[in-house]
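Enquirer:
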Amino acid sequence: MLAGTSRAAVFLVFTVDHGGEEAARELLADLSGLVRAVGFRVPDDRLSCVAGIGSLAWDRLFDGPRPAELHPLEPLQGARHRAPSTPGDLLFHIRARHTDLCFELAALITRRLEGRARIVDETQGFSYFDQRDVLGFVDGTENPEGARAGRAVFVGEEDAAFAGGSYVIVQKYLHNLDQWDTLPAEEQERVVGRTKSDDIELAEDAQPADSHVALNKVEDAEGEEQPIVRANMPFGSLTRGEYGTYFIGYCRTPAVTEQMLRNMFLGTPDATHDRILDFSTATTGSLFYVPSTDFLDDPPAPSGAPAVFEAPAAGPRPEDTSLGIGSLKVPAAMTATSPKVL
Ligand code: HEM
1 MLAGTSRAAV
11 FLVFTVDHGG
21 EEAARELLAD
31 LSGLVRAVGF
41 RVPDDRLSCV
51 AGIGSLAWDR
61 LFDGPRPAEL
71 HPLEPLQGAR
81 HRAPSTPGDL
91 LFHIRARHTD
101 LCFELAALIT
111 RRLEGRARIV
121 DETQGFSYFD
131 QRDVLGFVDG
141 TENPEGARAG
151 RAVFVGEEDA
161 AFAGGSYVIV
171 QKYLHNLDQW
181 DTLPAEEQER
191 VVGRTKSDDI
201 ELAEDAQPAD
211 SHVALNKVED
221 AEGEEQPIVR
231 ANMPFGSLTR
241 GEYGTYFIGY
251 CRTPAVTEQM
261 LRNMFLGTPD
271 ATHDRILDFS
281 TATTGSLFYV
291 PSTDFLDDPP
301 APSGAPAVFE
311 APAAGPRPED
321 TSLGIGSLKV
331 PAAMTATSPK
341 VL
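And the structure:
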């Protein structure tokens, strides 16, 4: 999540077929090994992969408690613009300095899920000059760093069983560059809220209420700023005439990113909507919980796994004040990760 900026990325979103649950579980358990195997070949390229699990998939994959705030992304219909909610059971956010490593890992993941899950979106992102989006603005400057970033993204004691994980929201935007390019640079700066060439935030008295930056500063009840960690990437296809931004935002609670989305699409008392949307159309939208590596390496039992009733030892132990009903236990074999290649 905190891998920082990368020159290349691949975003894969899958839906898992009925009957594909075990393959998905096995892949998730083997993921850290796959990343090591591919990444070790070119260590300087800093390959990383984050896996996210969608709300509907969670109950099909795992028994037991769910991450407290995992739910499908709510679609938003503003007066002018719409944020759709689109299917997604598994997200893989793969990053490295070069595309070859990203592509290799994406291919291995896809092969492991062949016939068990289908790709509903594959986006290959690239870094555009000095961290710019295809609108020409530097994107990512105000991301929190260091300990502040950790506090922003990792679930804590508020949901102890899922501490160390995170939530991520993705949206794929297509830009109308013909229309954007008709705006003079000063007007583009008023849309984004920062200067274009040197990336400085507009002064408070020059900052429009409906700029992208103004609408994405979210504060809690005490007036404290609530940051998210973004790792947006440009993408494009000349054949399809697509110029896009893949938005990806991590946070310890999806509520912060959802508030930003409401500000952008539904507006605030001071702004009808985020002006960046007049030039950008959201074509996908999904929300995922990102488990910690510890969770993935030793996941809970599969959904619907028969639990084994363990009878209490004969006679209550002296310190045992319970009713001696016994405990539900899942056999170790059901939780073991399998190195088997599908
Ligand atoms: C059309 C897609 C998008 C583009 C091209 C885009 C681009 C940018 C740019 C150029 C900046 C200013 C530099 C920076 O601090 O990164 C920015 C800031 C920001 N964006 Fe976006 N963004 C997009 C979508 C989103 C979405 C969907 C969200 C949240 C749901 C979001 C949240 C933010 C936040 C939190 C900031 C920092 C605001 C601040 O504190 O100054 N962005 N974005």
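Counting along the sequence shown from 1, when you hit position 78 you're at 78 in UniProt numbering, and nothing is skipped either side. Yeah, the Cβ is synthetic: ideal placement off N, Cα and C, and Gly gets one too. Please read these numbers as outputs of a predicted model, since none were measured by experiment.
#1: Taking the alpha-carbon positions, what's the Thr268 to Ala255 distance?
#2: Specify the secondary structure class of Arg132 as computed by DSSP and reduced to three states.
#3: On the DSSP letters alone, give me the boundaries of the alpha helix (DSSP H) that Pro254 sits inside.
#4: Mind the definition here: the segment 289-298 touches the segment 155-175 only if three or more C-beta pairs lie below 8 Å; say whether that holds.
#5: Which value, in whole angstroms, describes the spacing of the CA atoms of Ala282 and Arg41?
#6: Identify which residue in Ala83, Glu258, Gln131 and Glu21 has its Cα closest to the Cα of Asp278.
#7: Would you check whether ligand 1 has a heavy atom nearer than 8 Å to the C-beta of Gly146?
#8: Considering only heavy atoms of ligand 1, does any lie closer than 8 Å to the CB of Ser280?
#9: Go ahead and pull the three-state DSSP assignment for Ile276.
#10: Quick check on the DSSP output: what are the complete beta strand (DSSP E) runs of length 3 or more inside the segment 173-247, in order along the chain?
#11: For ligand 1, is there a heavy atom less than 8 Å away from the beta-carbon of Glu204?
#12: Tell me the residue span of the alpha helix (DSSP H) that contains Ala37.
#13: According to DSSP, simplified to helix, strand and coil, what is Thr5?
#14: Quick check: the segment 240-258 against the segment 99-115, are at least 3 beta-carbon pairs closer than 8 Å?
#15: Closer than 8 Å to a non-hydrogen atom of ligand 1 - does that hold for the CB of Thr257?
#16: Taking its Cβ as the centre, do 16 or more other Cβ atoms sit within 10 Å of Phe137, making it buried, or is it exposed?
#17: Would the beta-carbon of Leu61 fall within 9 Å of that of Val16?
#18: Let's test the definition: count the other Cβ atoms within 10 Å of the Cβ of Ser55 and tell me whether it reaches 16, buried, or not, exposed.
#19: Spatial neighbours of Ala9 within its chain, please: CB distance less than 6 Å, with the 5 preceding and 5 following residues excluded, ordered by chain position.
#20: Using only alpha-carbon positions, find the residue among Asp139, Gly19, Asp45 and Ser303 that is nearest to Gly193.
Expert: Checking against the coordinates, here is how it stands:
#1: 16 Å
#2: strand
#3: Pro254 to Leu266
#4: yes
#5: 37 Å
#6: That would be Ala83, whose Cα lies nearest to the Cα of Asp278.
#7: no
#8: yes
#9: Helix, per DSSP.
#10: 233-237
#11: no
#12: Glu21 to Gly39
#13: coil
#14: These segments do not touch.
#15: Flag set: Cβ of Thr257 near ligand 1.
#16: buried
#17: yes
#18: Buried is the call here.
#19: Arg95, Gly125 and Met233
#20: When only C-alpha atoms are compared, the closest one is Asp139.
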